[in-house]
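Reading through the structure tokens given below for one structure.
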Amino acid sequence: MQLPKLNFEDTFDFQIKRDKDKFFIYDLVRKNWLLLTPEEWVRQHWVHYFHLKKGRNLSSLILEKKLKLNGTTKRIDLLVTEKTLPKILVECKAPQIKITEKTFEQIARYNSIIGAEEIILSNGLQHIFAKFSENRYVFSPFAY
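Residue numbers (the working numbering): 42 to 185.
This is the structure we're talking about:
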């Protein structure tokens, strides 16, 4: 399987295995092997980034949590918490998905329920970082 090199300063040591014609990646948080999709490739980079680079406990990382939005069930990709409070909401897209205003609106809607201080929208190649302040999002460059 040819995986794209993503736009992260660090390279991480992922556990990847093959079963017949499918590839799986080990998720440190859920302690389970997951089907290696392009979106999962991006999500696992963020898990490793927050855990190994930023020193976050695995217990502070919440993956694929369900939330109700306008009567439908959605799943967030990654929530970083601090003392159980939502801190950073990360929405992961596959590398071939363009980051647009529409994809940003998706994470902003999710965050209207979650209430994280910061959000990151990423396709692994491009990262959009915004902080929620005074009822609006303030965008800034993502700094590793």
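Just so it is clear, CB atoms sit at the ideal spot from N, CA and C, and this is done for glycine as well.
Using beta-carbon positions only, say whether residue i and residue j come within less than 9 Å of one another.
i       : j       : result
Gln-85  : Phe-65  : no
Ser-153 : Glu-123 : no
Ile-129 : Glu-105 : no
Phe-55  : His-89  : yes
Trp-87  : Ile-161 : yes
Pro-127 : Gly-96  : no
Trp-74  : Lys-94  : no
Ile-138 : Ile-117 : no
Does at least one heavy atom of the ligand FAD sit under 8 Å from the Cβ of residue i?
i      : result
Leu-47 : The ligand FAD is absent from the structure shown, which contains no ligand whatsoever.
On a CA-only basis, which of the options is nearest residue i? Give me that one, please.
i       : options                               : result
Pro-136 : Gln-167, Thr-113, Arg-116 and Thr-125 : Gln-167
Ile-169 : Ile-140, Arg-71 and Met-42            : Ile-140
Lys-115 : Ile-148, Leu-99 and Gly-96            : Ile-148
Leu-120 : Cys-133, Leu-110, Lys-109 and Asn-111 : Cys-133
Ser-163 : Leu-44, Gln-43 and Asn-48             : Asn-48
Asp-62  : Asn-98, Met-42, Ile-138 and Asn-73    : Met-42
Lys-172 : Tyr-67, Leu-99 and Val-131            : Val-131
Glu-80  : Leu-110, Leu-44 and Glu-175           : Leu-44
Leu-99  : Leu-110, Thr-125 and Gly-112          : Thr-125
Glu-142 : Lys-72, Arg-71, Phe-180 and Lys-46    : Phe-180
Ala-51  : Pro-182, Gly-165 and Gly-112          : Checking the sequence, you will find Asp at residue 51 rather than Ala. Of Pro-182, Gly-165 and Gly-112, the residue nearest in Cα terms is Gly-165.
Would you verify that the beta carbon of residue i is, or is not, closer than 9 Å to some beta carbon of chain D?
i       : result
Glu-175 : This model lacks chain D altogether; it includes just one protein chain.
Contact defined as beta carbons within less than 8 Å: I believe residue i pairs with residue j. What is the distance between those atoms, to the nearest angstrom?
i       : j       : result
His-92  : Leu-77  : Actually they are not in contact, since the Cβ atoms of His-92 and Leu-77 sit about 18 Å apart, beyond 8 Å.
Leu-108 : Tyr-178 : With a Cβ gap of about 19 Å, Leu-108 and Tyr-178 do not count as contacting.
Checking the sheet assignment: what are the DSSP bridge partners for residue i?
i       : result
Asn-6   : No answer is possible for residue 6: the residues shown for the chain start at 42 and end at 185.
Phe-91  : Note: Phe-91 sits in no beta bridge, so no partner.
Trp-74  : Tyr-67
Leu-110 : Thr-113
Ile-154 : According to DSSP, Ile-154 bridges with nothing at all.
Glu-132 : Leu-162
Arg-59  : Phe-64
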